[in-house]
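Input: a single structure, listed below in structure tokens.
There are 2 protein chains.
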Amino acid sequence: MPMREGRAASPGAGGGRARTRASHSRESVLAEAVRLLDEAGAAGLTIRALAARLGGGPASIYWYVSGRDELLDLAADSVLAGVLDAVRAVGEGDPIDDLRTIGETLFDAIVDRPWLGAYALRDTGTQPHSLRLYEKIGEQTLRLALTPTQRFHATSAVVGFVIGTAADMGQELPEVVASGQMDREEYLAQATAEWRALDEGEFPFIHHVVDEFARHTDRGQFRAGLDLLLAGIRLQAGA
Amino acid sequence: MPMREGRAASPGAGGGRARTRASHSRESVLAEAVRLLDEAGAAGLTIRALAARLGGGPASIYWYVSGRDELLDLAADSVLAGVLDAVRAVGEGDPIDDLRTIGETLFDAIVDRPWLGAYALRDTGTQPHSLRLYEKIGEQTLRLALTPTQRFHATSAVVGFVIGTAADMGQELPEVVASGQMDREEYLAQATAEWRALDEGEFPFIHHVVDEFARHTDRGQFRAGLDLLLAGIRLQAGA
DNA sequence: GGTAATATCGAACGGTGTTCGATAAATCGC
DNA sequence: GCGATTTATCGAACACCGTTCGATATTACC
Chain Z
-8 MPMREGRAAS PGAGGGRART RASHSRESVL AEAVRLLDEA GAAGLTIRAL AARLGGGPAS
52 IYWYVSGRDE LLDLAADSVL AGVLDAVRAV GEGDPIDDLR TIGETLFDAI VDRPWLGAYA
112 LRDTGTQPHS LRLYEKIGEQ TLRLALTPTQ RFHATSAVVG FVIGTAADMG QELPEVVASG
172 QMDREEYLAQ ATAEWRALDE GEFPFIHHVV DEFARHTDRG QFRAGLDLLL AGIRLQAGA
Chain R
-8 MPMREGRAAS PGAGGGRART RASHSRESVL AEAVRLLDEA GAAGLTIRAL AARLGGGPAS
52 IYWYVSGRDE LLDLAADSVL AGVLDAVRAV GEGDPIDDLR TIGETLFDAI VDRPWLGAYA
112 LRDTGTQPHS LRLYEKIGEQ TLRLALTPTQ RFHATSAVVG FVIGTAADMG QELPEVVASG
172 QMDREEYLAQ ATAEWRALDE GEFPFIHHVV DEFARHTDRG QFRAGLDLLL AGIRLQAGA
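See below:
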């Protein structure tokens, strides 16, 4: 099991046939993986690209992770350390407000890193920060007048809503926006025009909300939806 | 633009050097893609595997779709035709109950096809059934005393919750369960034991709900969460 | 200093998505 | 019916991927 911090790999050895080997650590592997994910998303994190960043060969990565799936899970989990730090002091106010604060902090982390939604809190058995964040969210429900069953369901609902909504928003970025060919406003204007062009008899709801759609922000939409869910939880707790 | 139904490809031509070519249609490409997804998930749908099923070469797929991403989007959308059929008659009862019915129908479709959650309702601009399902959900909110802004947010919240929760449940199947090495009960028992082994002082919520966790079903959890959200919407509408 | 354990590595394997130029098949116009 | 055009299919090739294996470099231990 690796346990020492690697020193930076030298580029190619000097004279002679031997070439100095790179030296890694679990932390540096995960940190570099996160950097690649931030730059190019999940598709950009390949074992070969990561190895090149670390200055070594692709096979060395397999000393630290069993495969690319585990690498992604651990990279996502490592980023949640920042979310946990940000919400460490939360938990003394109104429990519903505290749930909102934690939910929004997690959502913001996923908006900052669109790839995160697909991997955060996926497997709390192998993702320690995910487990702690799940516990942190759940603890707020302990301060509500709910049964254990209701607390379990409320916690899962908040997690499901936050992760699901943020992941959906995170990956909905179409290729023309991701590549810079079109900015978000242009894209939204085009999508709005497509909605306006739909048959009004067939799509009454879409015509009813198209002005909202034209000016909505993802964050506003997320907050409004989270508040609906939290209102339902507060109602159930009779608070 | 393809517009004719292909006939079945003959296996290798008889004597002579010419080989009869396969013949496809957009419908057969999507139908066969769905079959492969059902059998082996998104990872099992490769362009080569699909071409082999259709009895042709991989390059022919590119006549019908621009790439594998579009293939997945269209395959997912095509499956939503069945969901739309199932909810066609919904819309005459209590709007909140009708939202529940539609949400549960969509959830069940995703439970039946775990790969669906990651691709359903991703891009209503290129997925006609997704657009219609979004419209169907939104139309229920027209029968509630809500502003256009509130209706837009309520609809997005329901969609986000259903898709996000179902997608999370759909892909959470760990390799040992997917591969048959362990059934769901064994896996749940092991996960429960891991939860029970956690330090009680550090994870008070998890110890509080571990018995719920041990006996929960995904569907029950989903319904409970959806009801919390719907309760919030009903409260907002003052109904 | 020799042995054992840990960590790194290049090469190879088996696979993928996608494109290109060729060509088979269908359609159209005369 | 035939030649031209259009549509659809194809094999090969390209560039890349995840993963494993046996070799070996490096570190730790006695």
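Top line first, the protein sequences correspond to chains Z and R. Per our numbering, residue -8 is the first one in the first sequence, and the count goes up by one each step. Per our numbering, residue -8 is the first one in the second sequence, and the count goes up by one each step. We put the CB at the ideal spot given by N, CA and C, even for glycine. Note that this is a predicted model, so its numbers are computed, not measured.
Examine chain R for any beta-carbon lying closer than 8 Å to the beta-carbon of residue i, and answer yes or no.
i, result
"His199 of chain Z", "yes"
"Glu185 of chain Z", "yes"
"Gln212 of chain Z", "yes"
"Leu226 of chain Z", "yes"
"Ala215 of chain Z", "yes"
"Ala158 of chain Z", "yes"
"Thr140 of chain Z", "yes"
"Leu219 of chain Z", "yes"
"His15 of chain Z", "no"
"Ala182 of chain Z", "yes"
Assuming residue i contacts residue j under a Cβ cut-off of 8 Å, what Cβ separation, rounded to an integer in Å, is found between them?
i, j, result
"Tyr110 of chain R", "Leu63 of chain R", "5 Å"
"Gly155 of chain Z", "Gly216 of chain R", "That pair is no contact at about 10 Å."
"Leu234 of chain R", "Leu21 of chain R", "The displayed coordinates of chain R run from -8 to 230. Any statement about residue 234 of chain R would go beyond what the structure contains."
"Gln212 of chain Z", "His144 of chain R", "6 Å"
"Arg134 of chain R", "Pro86 of chain R", "4 Å"
"Leu90 of chain Z", "Leu221 of chain Z", "6 Å"
"Asp29 of chain Z", "Arg104 of chain Z", "6 Å"
The ligand NAD and residue i: does the residue's C-beta get closer than 7 Å to at least one heavy atom of that ligand?
i, result
"Asp88 of chain R", "This structure lacks the ligand NAD, and indeed carries no ligand of any kind."
Kindly list the residues whose CB is nearer than 8 Å to the CB of residue i, restricted to its own chain and excluding five residues on each side of it in sequence; keep chain order.
i, result
"Pro119 of chain Z", "Asp68"
"Gly229 of chain Z", "Ala136"
"Ala180 of chain R", "Ala205"
"Arg142 of chain R", "Gly129, Thr132, Leu133 and Leu135"
"Asp114 of chain R", "Asp64 and Ser121"
"Glu193 of chain R", "none"
Between residue i and chain Z, is there a C-beta pair that is closer than 8 Å?
i, result
"Ser19 of chain R", "no"
"Thr222 of chain R", "One detail in the question is off: residue 222 of chain R reads as Ala in this sequence, not Thr. Yes, Ala222 of chain R lies at the interface with chain Z (some Cβ there is under 8 Å from its Cβ)."
"Gln118 of chain R", "no"
"Ala230 of chain R", "no"
"Ser147 of chain R", "yes"
"Arg175 of chain R", "no"
"Pro195 of chain R", "yes"
"Phe152 of chain R", "yes"
"Thr92 of chain R", "no"
"Glu203 of chain R", "yes"
"Gly155 of chain R", "yes"
"Leu63 of chain R", "no"
"Ala66 of chain R", "no"
Excluding the 5 residues preceding and the 5 following residue i in the sequence, name in chain order all residues of the same chain whose CB lies nearer than 6 Å to its CB.
i, result
"Val153 of chain R", "Gly94, Leu97 and Phe98"
"Ala(-1) of chain Z", "The predicted model places Ala(-1) of chain Z with a pLDDT of 38, which falls under 50 and marks its position as unreliable, so this point remains unresolved."
"Met160 of chain R", "Asp209"
"Ile224 of chain R", "Ala145"
"Ile80 of chain Z", "Note on identity: in this sequence residue 80 of chain Z is Ala, with Ile being the wrong assignment. Counting only Cβ-Cβ distances below 6 Å, and skipping sequence neighbours, we find nothing."
"Ala77 of chain Z", "Thr96"
"Ala157 of chain Z", "Phe98, Ile101 and Gly108"
"Ala33 of chain R", "Trp106"
"Arg44 of chain R", "Glu23"
Grab me the residues of residue i's own chain with a C-beta within less than 7 Å of its C-beta, minus the 5 sequence neighbours each way, in chain order.
i, result
"Phe204 of chain Z", "Thr183 and Trp186"
"Ile38 of chain Z", "Pro49, Ile52 and Arg59"
"Leu71 of chain Z", "Ala111, His120, Ser121 and Leu124"
"Thr117 of chain R", "Asp64"
"Arg175 of chain Z", "Val168"
"Gln227 of chain Z", "Leu137 and Gln141"
"Val25 of chain Z", "Ala66, Ser69 and Val70"
"Leu27 of chain R", "Gly35, Leu36, Ala40, Leu41 and Arg44"
When the Cβ atoms of the region 125 to 132 of chain Z are set against those of the region 182 to 202 of chain R, are three or more pairs found closer than 8 Å?
The region 125 to 132 of chain Z makes contact with the region 182 to 202 of chain R; the number of CB pairs closer than 8 Å reaches 3 or more.
Chain-ordered residues of the region 123 to 137 of chain Z with a beta carbon less than 9 Å from chain R:
Arg123, Tyr125, Glu126, Lys127, Ile128, Gly129, Glu130, Gln131, Thr132 and Leu133
Quick one: any contact between the region 12 to 30 of chain R and the region 49 to 63 of chain R, if contact means 3 or more CB pairs under 8 Å?
yes
Pull out every residue of the region 73 to 107 of chain R whose Cβ sits closer than 9 Å to any Cβ of chain Z, in chain order.
none
Which residues, taken in chain order from the region 22 to 33 of chain Z, show a beta carbon closer than 8 Å to some beta carbon of chain R?
none
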